[in-house]
Each structure stands twice: as C-alpha cells, then as structure tokens.
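Asks: So the working numbering is basically just the index in the sequence shown, starting at one, shifted up by 2.
The beta-carbon is built from N, C-alpha and C at its ideal position, and this holds for glycine as well.
For reference, the structure I am asking about is given below.
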Amino acid sequence: IYQIKDEINNDEYILDMMKTWFEIINKYNDDNSTESGALRHSICSSIAYMDSLLSKNVPPSLEMYIMKIYFILIDYLQDDESEIRDAVAKIVSKIILQHNYIMSESKALNTLYEKMNENFNNRKDYQKSMKKSLFNYNIESIDEFIINKIKPIKKSFFLERPDIYKEALINVQNIIKYITPESKDIQKILTIFKKLDTTLHNILSEYGGSQLYQVISDRDIFVMIYSILIWLEKCLQSTECTSEIISEIIINIKTVIYNISNMDDNVYKFNYVDRFFLN
C-alpha cells in the first residue's frame with residue numbers, strides 16, 4: 003500500500019494502514035511462543051519489503067513507528083538464529099544505508115545506532131526510549147536483582163543460556179554515546195548508585211569478599227554495574243550536574259574504594275576496583 007501511496011492519494015488512509023502494519027509487527031515481535039523463530043523470520047521479510055520507507059526520508063507522521071522498527075532491528079541483529087542476524091544485516095546494509103555490500107553484524111549494529119540517532123535525535127520519545135533500553139530490568143529493584151543471584155539454585159543441570167549473541171556492553175556504549183542527561187536523570191542515577199553501593203556492601207559484610215566477587219562476575223550483574231557507572235560518568239560531565247552532586251558522588255566512591263582497599267585479598271581488590279571504579 004505504501005509503495006503505491008501516490009496512486010491512492012489519501013494520506014490519512016496510508017497513515018492508518020501503516021499504523022496497523024506496525025501494530026501487527028509489534029504484536030508478533032513480543033510473541034514468546036514456540037513459533038517465535040518463524041515469526042521473527044516473517045517480521046524480517048515484512049520489514050525488508052518496506053524498503054522505500056526505510057531508505058528515504060521518513061514522513062514526520064510515521065517517524066515514531068519507523069523509530070520502533072529500528073529498535074526491533076537492533077534486537078534482531080543479536081538474535082540467537084544466524085539466519086535472523088544475516089537477514090537484518092542485509093536490511094541495514096542494502097536498504098537503510100544503500101550499500102552495495104553486506105556489513106558484518108557488529109558493524110551493522112553500530113551503524114544502525116548511528117543512523118537512528120541521525121534520523122530521530124530531535125524526538126523526545128527517542129531519548130526516552132534510549133534511556134529506558136539502557137536498563138532492561140527494573141532498576142528500582144536492583145538490590146533484589148543482585149541478591150537473587152546469591153540464592154542457591156536447586157537444579158541438576160542448566161539449560162543453555164539464550165541470547166549468547168547479545169552484545170550487551172556494545173549496546174550500553176552506543177546508548178550512552180547518543181543520550182543526553184537531564185537534571186532528573188542525574189538525581190535518579192545518584193539514588194541508584196547509592197542503592198548499588200549499599201547492596202554490594204551488605205553482600206560483602208554478610209557473605210564475604212569471595213561471594214561478592216562471584217556476584218559481580220556474573221554477566222548480568224557486570225553489565226548492570228557497568229551501565230550504572232558509565233551513565234553516572236556521563237551525568238557527572240553534564241552541565242546539568244552541580245558541584246554539590248559531584249562532591250557527594252566522589253565521597254561515595256572513595257568510601258567504596260577505601261573499604262575494599264582494607265581487604266586481605268589483593269587479587270580481589272585489584273579486579274573489583276580496576277573494573278568498576280578506576281577506569
């Protein structure tokens with residue numbers, strides 16, 4: 003329908019059809035059934051068919067929907083199925099960027115973030131969506147999220163972990179590159195940092211250094227802490243951040259480092275401080 007929109011000559015009808023198309027895409031993208039793999043293949047095919055919309059200037063009335071398609075493509079570039087990743091790398095390379103070659107998945111991922119920022123950086127919902135995707139869990143409950151990693155798991159074997167192709171740190175780095183802190187972001191991340199600091203200290207006191215090191219070595223926990231600290235760093239560099247807030251944060255960080263520096267395990271001290279506080 004969009005490809006023959008000039009013949010139809012009814013902008014309202016075209017917009018309604020595009021909204022319906024996106025709602026269908028979004029509905030089946032969220033499907034977690036056993037057929038989700040086949041659905042993702044179909045979604046890729048449908049998105050690829052919209053080449054005329056993805057490769058040209060996006061009409062303002064459709065920006066919100068195409069922006070969300072970009073987020074779907076970012077997820078699919080990190081899908082467990084190689085066919086999905088290959089299909090999206092082709093969409094990004096040949097349709098969105100109009101290259102005559104297909105980029106690697108990692109290059110396509112970084113370039114797609116760049117292109118998305120180029121197209122949508124003036125939209126408030128773009129910044130909001132990017133900040134939300136920085137933390138893909140309930141950031142208000144990070145203490146529970148961390149403590150649950152300590153609880154014993156009574157299983158005789160573990161299923162293979164999904165999302166092994168998820169480029170979590172690359173996602174964080176790209177998101178940080180393109181988001182701009184506001185005053186409310188600075189206050190929020192400061193509260194989150196304090197909760198993180200308190201939780202890690204509680205684990206250290208109750209379970210000991212080896213358990214804390216095991217916890218922060220967990221992939222999910224590591225990415226979470228990395229996300230918090232790199233966002234905190236960008237907030238500190240913002241003109242929105244006052245000297246009082248900066249001083250308060252530095253005092254908190256010094257306290258963490260001081261407590262760890264008094265531990266007997268030098269290897270543990272080095273890894274913890276180096277990975278999270280001195281970089």
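For residue 253, does the count of other Cβ atoms within 10 angstroms reach 16, so buried, or fall short, so exposed?
Replies: So residue 253 counts as exposed.
Asks: Taking the straight line between their C-alpha atoms, what separation do you get for residue 136 and residue 174?
Replies: Rounded to whole angstroms, residue 136 to residue 174 spans 6 Å at the Cα level.
Asks: Our contact map puts residue 55 next to residue 74 with C-beta atoms below 8 Å; I'd like the distance itself, whole angstroms only.
Replies: So it is not a contact: roughly 14 Å between Cβ atoms.
Asks: Who are the Cβ neighbours of residue 95 in its own chain at under 7 Å, not counting the five residues just before and after it?
Replies: 101, 103, 104, 105 and 110.
Asks: Excluding the 5 residues flanking residue 63 on each side, which residues of the same chain have their C-beta closer than 7 Å to its C-beta?
Replies: Cβ neighbours of residue 63 beyond the five flanking positions: 17.
Asks: For residue 176, is the classification buried or exposed, using 16 other Cβ atoms within 10 angstroms of its Cβ as the cut-off for buried?
Replies: Classification for residue 176: buried.
Asks: Three or more C-beta pairs closer than 8 Å, one from the stretch 41-52 and one from the stretch 21-32: is that the case here?
Replies: The answer is yes - the stretch 21-32 touches the stretch 41-52, with three or more Cβ pairs under 8 Å.
Asks: Among 199, 202, 129 and 185, which residue has its Cα nearest to the Cα of residue 178?
Replies: That would be 129, whose Cα lies nearest to the Cα of residue 178.
Asks: Would residue 236 and residue 172 be called neighbours here (beta carbons separated by less than 9 Å)?
Replies: No, they are not a contact pair.
Asks: Distance, Cα to Cα, residue 233 vs residue 222?
Replies: Each residue's alpha carbon lies about 16 Å from the other.
Asks: Among 121, 196, 108 and 39, which one has its Cα closest to the Cα of residue 71?
Replies: It is 121.
Asks: Let me check understanding here. Comparing Cα to Cα, which of 189, 207 and 217 lies closest to residue 248?
Replies: With distances taken between Cα atoms, residue 248 lies closest to 189.
Asks: Nearest by alpha-carbon distance to residue 226: which of 148, 66, 92 and 119 is it?
Replies: Ranking 148, 66, 92 and 119 by Cα distance to residue 226 puts 148 first.
Asks: Applying the 10 Å Cβ sphere with the 16-neighbour rule, what's the burial state of residue 157?
Replies: The predicted model places residue 157 with a pLDDT of 48, which falls under 50 and marks its position as unreliable; any figure quoted below should be read in that light. It counts as exposed.
Asks: Within 10 angstroms of its Cβ, does residue 295 collect 16 or more other Cβ (buried), or is it exposed?
Replies: Residue 295 falls outside the range modelled here, since the chain spans only 3 to 281, and no answer is possible.
Asks: Considering Cα atoms alone, identify which of 213, 50, 195 and 238 is closest to residue 141.
Replies: Comparing Cα positions, the closest option is 195.
Asks: Do residue 151 and residue 88 have their C-beta atoms closer together than 9 Å?
Replies: Cβ distance not < 9 Å, so residue 151 and residue 88 don't count as in contact.
Asks: By the three-class DSSP mapping on this structure, what secondary structure does residue 240 have?
Replies: Reduced to three states, the DSSP call for residue 240 is coil.
Asks: State the Cα-Cα distance for the pair residue 12 and residue 51, rounded to the nearest angstrom.
Replies: Approximately 21 Å between the Cα atoms of the pair.
Asks: Quick one: what's got a C-beta closer than 6 Å to residue 92's C-beta in the same chain, skipping five residues either side?
Replies: Taken in chain order, the residues that qualify are 104.
Asks: Can you round the beta-carbon distance between residue 79 and residue 107 to whole angstroms, since I take them to be within the 8 Å contact cut?
Replies: Contact holds; Cβ gap of about 6 Å.
Asks: With a CB to CB cut of under 6 Å and the five nearest residues on each side skipped, what residues in its chain are close to residue 206?
Replies: Closer than 6 Å at the Cβ level, and outside the excluded window around residue 206, lie 214.
Asks: So residue 25 is in the alpha helix (DSSP H); what residue range does that whole segment cover?
Replies: First-last of the alpha helix (DSSP H) with residue 25: 13-31.
Asks: Taking residue 87 as part of the alpha helix (DSSP H), name the residues at either end of that continuous run.
Replies: Run containing residue 87: 84-92, per the alpha helix (DSSP H) assignment.
Asks: Does the distance from the C-beta atom of residue 131 to that of residue 97 stay below 9 Å?
Replies: No. Outside cutoff.
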